Structures are given as C-alpha cells and as structure tokens.
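One structure is given here, and the rest of the page talks about it.
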Amino acid sequence: MTTPAPRPRLKTRFKPARLKLSSDHSKRPLERLSLHDQLVAKVREMIVDGELAAGAPLPERMLCETFGVSRTPLRETFKILAAEGLIELRPHRTPVVTPIDAREIAEIFDVMVGLDAAAGRAAAARATAGDIARLDAMHAELVTLHRAAERAAYFRLNQQIHTEITRLAGNSVLFNMWSTLHTNVFRARAVANYDARRWDESIREHEAFMALLRAGDAAGFAQALADHTRKTGDSVLQMLESQA
C-alpha cells in the first residue's frame with residue numbers, strides 16, 4: 001500500500017498593512033472604553049450617594065438623553081451594576097435600583113469586620129513612614145470637614161481613608177472582596193444618614209486607630225479598625241430599622 005505524500009504546509013503570514021486601519025480608527029475603541037468607564041462610575045455614584053433612590057426605576061430613554069449616550073453603553077452599564085448588586089434587571093420591564101435589605105447589610109457588616117481586622121493588621125505591618133504620613137494628612141482633612149459639618153465631603157474622604165488602609169494590606173483578593181462589599185455598605189450609610197452623636201463618635205474612633213497606627217501597634221490598630229466597623233454597622237442598621 002502506497003503511503004500518500006504529505007501535504008505541503010501553507011505558509012501564511014499576518015500582514016497588518018492589509019487591514020488598512022488609520023490611526024484615527026485604531027483609537028476609537030479606547031475612546032469608547034473611556035466613555036463606558038465614565039458612565040459606569042457616574043451611575044454608580046448616583047446610586048451610592050442616594051441621588052437614585054432604592055427602588056427607583058431606571059428608564060433607558062431618559063438616562064440616554066441625560067448622559068447623551070446610546071442604549072448600548074447604557075445597557076452594558078446596567079449589566080455591570082447588576083453584577084455589583086446595585087441594580088435589578090427585570091425581563092421586559094424597566095430596571096430598578098436594588099432596594100436596601102437590612103438583613104443583607106447586617107451580614108455584609110459581619111464579614112466587613114473580619115476583613116477590616118485582617119486588612120488593618122497587614123497594613124500596619126507593611127506601612128512605610130510615607131504611607132502613614134499620607135494617611136495622617138487625609139485624617140487631618142477629615143477632622144477639618146467634621147468641624148465644618150461638611151457631611152457629604154466627609155463621607156467621601158472617610159471612604160478614601162478606609163480604601164487606602166485596605167490597599168496598603170497588599171492582598172489583592174482581600175481588597176477586591178472588601179471593595180465589592182463596601183459599595184453596598186456605603187450606599188446604606190448614605191441612606192441612613194447618621195445622626196450627629198454617631199458622627200462625633202466616628203471621628204473619635206478615627207483619632208484612636210490613627211494613634212495606634214503611628215505607634216506601630218499592628219494588633220491594636222487592627223482591633224480598633226474592626227471595632228469601628230462594627231459600631232458603624234450597628235448605627236446604620238438602627239437607622240434603617242427606624243426608617244422602615
């Protein structure tokens with residue numbers, strides 16, 4: 001039996017020049033990505049800050065006109081925010097901002113206490129003098145905002161401080177888990193809208209754990225940070241229950 005001769009190998013080579021892409025065309029996907037990121041960030045911010053209230057409908061046509069975008073990027077934005085738990089997508093119905101579930105918030109805070117303890121311990125062990133100086137500067141600004149009763153700006157900076165502490169832990173898995181859960185926690189805090197007494201307590205707790213960080217007490221810093229998160233959770237849940 002005669003063995004068939006092997007087929008000749010086809011030599012193909014990719015030639016970018018044949019695509020005939022101009023420099024302008026090659027930049028467009030980056031521009032679309034930038035617009036998409038901005039849209040996600042803006043709608044997320046409106047939900048977290050309470051500008052789009054829990055349970056509020058999200059009509060596509062109105063939002064497209066508001067942001068000057070087509071339905072395609074808006075629907076992609078909805079998918080991302082739905083994955084984060086901020087939006088409910090309903091078949092053949094208008095999406096809505098996810099209602100705040102007090103039981104779920106309580107469970108999230110239970111997890112956040114543990115995450116903050118772990119993040120605080122690692123961050124204190126890894127933080128350089130420059131890191132501590134940067135957090136000190138942020139804390140000083142936080143105190144100033146508290147004295148001026150700039151509540152919205154205070155909450156924003158407060159979030160940035162906690163984010164920076166978690167980032168300093170140097171654990172990407174912990175940071176991603178914390179960031180996802182914190183989005184829902186921050187929204188609940190905005191809706192609950194702390195009373196003045198809790199706000200005063202909170203700034204004193206910040207003062208306490210920053211002092212421990214400066215002193216290099218990693219265990220004390222981690223415990224104080226976790227206690228602060230637990231007390232914050234208790235306050236938010238009290239507010240949500242009173243509003244219900």
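Take the sequence shown: its position 86, counted from the start at 1, is 86 in my numbering, and no numbers get skipped. Yeah, the Cβ is synthetic: ideal placement off N, Cα and C, and Gly gets one too. Source: prediction; values computed, not measured.
- Listed as beta-bridge partners of V185 by DSSP are no residues whatsoever.
- Straight-line measurement puts the Cα of E141 at about 17 Å from the Cα of E201.
- A buried status is given to G120, since no fewer than 16 other beta-carbon atoms sit within 10 Å of its beta-carbon.
- T94 and R103 have their alpha carbons spaced roughly 25 Å apart.
- Cβ atoms of E60 and R71 come within 8 Å of each other, at about 6 Å.
- Residues A119, A122 and A123 of the same chain have their beta carbon placed closer than 6 Å to that of A169, with the five preceding and five following residues left out of the count.
- Rounded to the nearest angstrom, the Cβ distance from V185 to I105 is 7 Å, consistent with a contact under 8 Å.
- The C-alpha of V97 is placed about 11 Å away from the C-alpha of R90.
- As DSSP reads the structure, P57 sits in a beta bridge with V96.
- If you compare the alpha carbons of G50, Q159 and I203 with that of A149, the shortest gap goes to I203.
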